[in-house]
Amino acid sequence: MTRISEITEHWFGLCRKPPAVHALQTYTGIPPESAYERLPDGGGGGSGTIRRGIGAALSGMRTLNRNRQLLWFTLLAGLVLAGNTLGQAVLYSINWTWAAQPFIVWQVLNFLLEFATLFSLVFLLAGLVMSVSSKREGSASFFGELVGAKKYLKTLFLWSFVLALAGILLYIIFIYLPIWFPHVWHLEPFVTNWFLQFPFNLTLYPMKLIGDLPANHYSVLAWVYPIGFSQALSYSEINLLLFILTPFVVPFIVLEQKTLMEAVVGSFAMIKRIWVEVAACAVFLGVVAYGVFLTYYLVQAAHGMFTSPVLVFSRPTTTWFALGLLYDLSLLGVAFVVATVGGIAALDLFTDAKTGQITGSPEPESRS
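With positions in the sequence shown counted from 1, the corresponding number in my numbering is that position plus 37.
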């Protein structure tokens, strides 16, 4: 069994780090700057780099399993998405009840909501990074580290502003370019297809949900699902892309006390060197999440076995509606757990790169 364990750890790149690495770690878990500068340019290649990327994801899963208090990040991030959903419902309710807002006004309102959402997520991520880092030296409270992240509030605030601006620009490109140029890929259908198909859809029109009430009697809650929900998912997909492209900015800010400019430059420099590991980690976690989402087809098949066919835009029965909401929440729960693992894995890659363990070349075959 010992030999099998050694072979498994070697194959997935999960072998224990040399004891000398632990001696280098401080409260932040980050060694002196000189360790980072030893990394050669150009990233790396071969199976070793992919193995390290997948190994970081698996290591993140083990870390989360051992430190269940980190699930507070998962729960709070889910509440942030719920807040974004409610905010989107308020915006659509105002736009419908009063009058259609001009394009600029509408995008400014969306930007403010996006900024509030991203600031909350960035601040939570800072708490996660500090908690995981300090955990290596002993037990640490997620909320305690979250309070400690307040010292970086100004830099995190500025970074959230930059992300929100980039996010709203990407959203305009993805949403409005297909209207201006019909052959361009449209973002929204890709996101909403998972949640708005029968048997769990209500329809894109809230009057199907609330009946024949006059337009000025529509409640804000009538816009929460599916309009606000689908909009929140569209923004969440863009936000995820932004975090994948800039995974090391927050660690540079809270662990290295870098300025925003230094953190951004350092993050892009580091991802240039270890982009294969980052891509392998992101793809592996994406496959896990996508595999869970594929269970949707099993639910569709079960629904077809127990109910007669209906029109796509018909309202489902109360039972299927309740099951649909429960299933949607389960999928989102898995997605946020995977996102938490991704945040932990990014910190592992960051730490390994800073200690010089990621050198851009495969590990020797003799390591175990």
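Every residue gets a Cβ at the ideal spot worked out from N, C-alpha and C, and that includes glycine.
Please report the straight-line C-alpha distance between F160 and L190, rounded to a whole angstrom.
Mapped onto the sequence shown, residue 160 falls at position 123. Mapped onto the sequence shown, residue 190 falls at position 153. The alpha-carbon atoms of F160 and L190 are separated by roughly 8 Å.
Closest to S271 by CA distance: which of G97, L362, N121, W135 is it?
Within the sequence shown, residue 271 is the residue found at index 234, counting from 1. For S271, the nearest C-alpha among the options comes from N121.
Can you tell me whether W196 is buried or exposed, with buried defined as 16 or more other CB within 10 angstroms of its CB?
Start at 1 with the first residue of the sequence shown, and residue 196 comes out as number 159. With 16 or more Cβ atoms within 10 Å of its Cβ, W196 is classed as buried.
Kindly indicate which three-state DSSP category S178 falls into: helix, strand or coil?
Your numbering for residue 178 matches position 141 in the sequence shown. Here S178 sits in coil by DSSP.
Using only alpha-carbon positions, find the residue among L128, L258, F266, L279 that is nearest to A203.
Indexing the sequence shown from 1 puts residue 203 at position 166. The shortest C-alpha separation from A203 is found at L279.
Note the first and the last residue of the continuous alpha helix (DSSP H) segment covering T134.
Here residue 134 refers to the residue found at position 97 when the sequence shown is read from its first residue. T134 -> alpha helix (DSSP H) spans 108-134.
How do the region 360-378 and the region 107-116 stand: do at least 3 beta-carbon pairs fall below 8 Å, yes or no?
The region 360-378, when compared against the region 107-116, does touch it at the 8 Å Cβ threshold.
Consult DSSP for F285 and reduce its assignment to one of helix, strand or coil.
Translated into the one-based positions of the sequence shown, residue 285 becomes position 248. In the structure shown, F285 sits in coil (DSSP, three-state: anything other than H, G, I, E or B).
For the alpha helix (DSSP H) containing A306, list its first residue and its last residue.
For the purposes of this step, residue 306 is taken as the residue at position 269 of the sequence shown. Residues 297-310.
Please confirm whether G97 and E314 have their CB atoms less than 8 Å apart.
If you number the sequence shown from 1, residue 97 lands on position 60. If you number the sequence shown from 1, residue 314 lands on position 277. Not in contact: G97 and E314 (Cβ atoms no closer than 8 Å).
Hey, would you say the C-beta of V145 is under 7 Å away from at least one heavy atom of the ligand SAM?
You won't find the ligand SAM in this model; it holds no ligand whatsoever.
Work out the CA separation of G303 and W312 for me, nearest whole Å.
Sequence index remark: in the sequence shown, residue 312 carries index 275 (1-based). Sequence index remark: in the sequence shown, residue 303 carries index 266 (1-based). One C-alpha to the other measures close to 13 Å.
Could you tell me whether the region 293-302 touches the region 358-368, using the rule of 3 or more Cβ pairs below 8 Å?
no
Compare the Cα-Cα distances from K391 to each of F266, A306, A317 and report the closest residue.
Taking the first residue of the sequence shown as 1, we reach residue 391 at position 354. The residue with the shortest Cα to Cα distance from K391 is A306.
Do you know how far the Cα of A201 is from the Cα of F123?
Against the sequence shown, residue 123 aligns to sequence position 86. Against the sequence shown, residue 201 aligns to sequence position 164. Before going further, note that residue 123 is Leu rather than Phe in the sequence given. Computed Cα separation, rounded: 18 Å.
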